[in-house]
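Written out below as structure tokens is the structure these notes cover.
Numbering (my numbering), first residue to last: 504 to 689.
Laid out in structure tokens, this is it:
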């Protein structure tokens, strides 16, 4: 093991020790964990390593989910085919019966009229027609604040409109990793 890898491993070992400490002691030790640029750079290496491992795990998870989806999709498709066959057979039998429904010990079969419905297939044509011919019972107008417009107004006037709460953005720490093929060899 070369010197750089040994240094990286010692940083990882120290982090493991901190993770196994009591919470109050670990918090104090964490604040003093990094004391120079080299150690900060080593810690960034481990953060990048963890990010790569997380990505590998998430990719594995995604592949397994897809495999399970394919398997269950085939099973569900088979069940739907069988159910459709049974329902068609029940519908055929019901057509020979009298009445609107038939109650049996394992359930009930019957026919009922579906509700009438409408579908909008061309909104532009409908709105053109509506403006000329109809009253307001066919269209709903929705008003809602445009946040970017409110922010521009607030910046220009310094005034916050009633019903609006201004929340000032706070600085947030970030870590930006530079990925290389193997940062440990540098």
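Using N, Cα and C, we set each Cβ at its ideal position, and we do this for glycine too.
Since residue i sits in a beta bridge, which residues does DSSP pair it with?
i	result
residue 612	605
Could you compute how far the alpha carbon of residue i sits from the alpha carbon of residue j?
i	j	result
residue 587	residue 576	16 Å
residue 655	residue 661	10 Å
residue 641	residue 613	35 Å
residue 634	residue 627	11 Å
residue 572	residue 631	44 Å
residue 611	residue 604	7 Å
residue 616	residue 598	15 Å
residue 562	residue 596	50 Å
residue 600	residue 591	15 Å
residue 680	residue 657	36 Å
residue 619	residue 607	29 Å
residue 540	residue 578	57 Å
residue 651	residue 676	25 Å
residue 666	residue 674	26 Å
residue 653	residue 644	20 Å
residue 558	residue 512	22 Å
residue 565	residue 580	22 Å
residue 528	residue 510	24 Å
residue 533	residue 659	44 Å
Just mark residue i as buried or exposed, buried being the case when its beta carbon has 16 or more other beta carbons within 10 Å.
i	result
residue 548	buried
residue 545	buried
residue 560	exposed
residue 522	exposed
residue 483	This structure gives no information on residue 483, because the portion of the chain shown stretches from 504 to 689.
residue 689	Because residue 689 sits at a pLDDT of 47, beneath the cut-off of 50, its placement in the model cannot be relied upon, and the following sentence gives the value as read from the coordinates. Exposed is the call here.
residue 519	exposed
Among the residues of its own chain, which have a CB less than 7 Å from the CB of residue i, if the five just before and after it don't count?
i	result
residue 542	514
residue 629	623
Does DSSP put residue i in a helix, in a strand, or in coil?
i	result
residue 533	helix
residue 677	coil
residue 524	coil
residue 618	coil
residue 656	helix
residue 575	helix
residue 581	helix
residue 650	helix
residue 672	coil
residue 666	coil
residue 637	coil
residue 599	coil
Just to confirm my understanding: we take residue i, look at its own chain, exclude 5 residues before and 5 after, and list those with CB closer than 8 Å. What are they?
i	result
residue 537	543, 546
residue 554	680
residue 625	none
Within its chain, find whatever has a CB closer than 6 Å to the CB of residue i; leave out the 5 residues flanking it on each side and keep chain order.
i	result
residue 672	none
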